[in-house]
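In this text, residue positions in the sequence shown follow my numbering: the first is 843, and each later residue adds one. Take a look at the structure below.
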Amino acid sequence: GIEQIGGVLRRCPLRDLNLQHCLIGFDEVAILCHDLPCATSLTRLDMSHNYVACESSGMLARAISGCTRLTHLDLHKNSIGCDGISALSLALQQSTALTILDLHSNRARSSSHHPRPP
C-alpha cells in the first residue's frame with residue numbers, strides 16, 4: 843500500500859512517481875505527505891484520477907513545497923475544487939522548478955471531503 847511507497851521515497855532517489863488510478867483519498871495523501879519531503883530527487887508526480895479533495899490538496903501542497911526539483915505535478919480528474927486549487931497555487935508560488943501543473947477536470951466545490959463511488 844501507500845505506506846510502502848513512503849519507505850521507497852525515503853530510501854531511493856526516485857525521479858518519477860506515477861500514482862494515477864490508485865484510489866488515493868484523504869488518508870492516503872496524509873500518509874504520502876509524511877515522506878514526500880524526503881523525495882528530493884523527485885521531478886514528476888502524477889496523482890491523476892484519484893480522490894484528492896480540497897483539504898488533502900492543501901496538505902499535498904505543503905509537502906511538495908520541499909521537493910525543489912519537482913517540475914511536473916499532475917492532479918487532473920480529482921475533486922480538488924476552488925479552495926484546494928487556491929491552496930495549491932499559494933503554496934507552489936515558492937516552487938521555482940515547477941513548470942507543469944495539471945489541474946483540469948477537477949470539481950469546482952469547496953467542501954473538503956467527497957465520497958468515493960461504490
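Glycine included, C-beta positions come from ideal geometry on N, C-alpha and C.
The beta carbons of Leu874 and Ile844 sit closer together than 7 Å. Rounded to whole angstroms, the separation of the alpha carbons of Ile927 and Ile942 is 14 Å.
In this structure, Asp925 places its C-beta atom within 7 Å of the C-beta atom of Cys896. Per DSSP, the continuous beta strand (DSSP E) segment holding His914 begins and ends at His914 to Asp916. In the DSSP assignment, Ile927 falls within the alpha helix (DSSP H) that extends over Gly923 to Ala933.
In the three-state reduction of the DSSP assignment, Ile844 falls in the helix class, which pools H, G and I. With a contact defined as Cβ atoms closer than 8 Å, Leu878 and Cys909 qualify at about 7 Å.
A Cβ-Cβ distance of about 7 Å is found for the pair Thr885 and His914, placing them in contact under the 8 Å criterion. Under the three-state reduction of DSSP output, Ala872 falls in the helix class.
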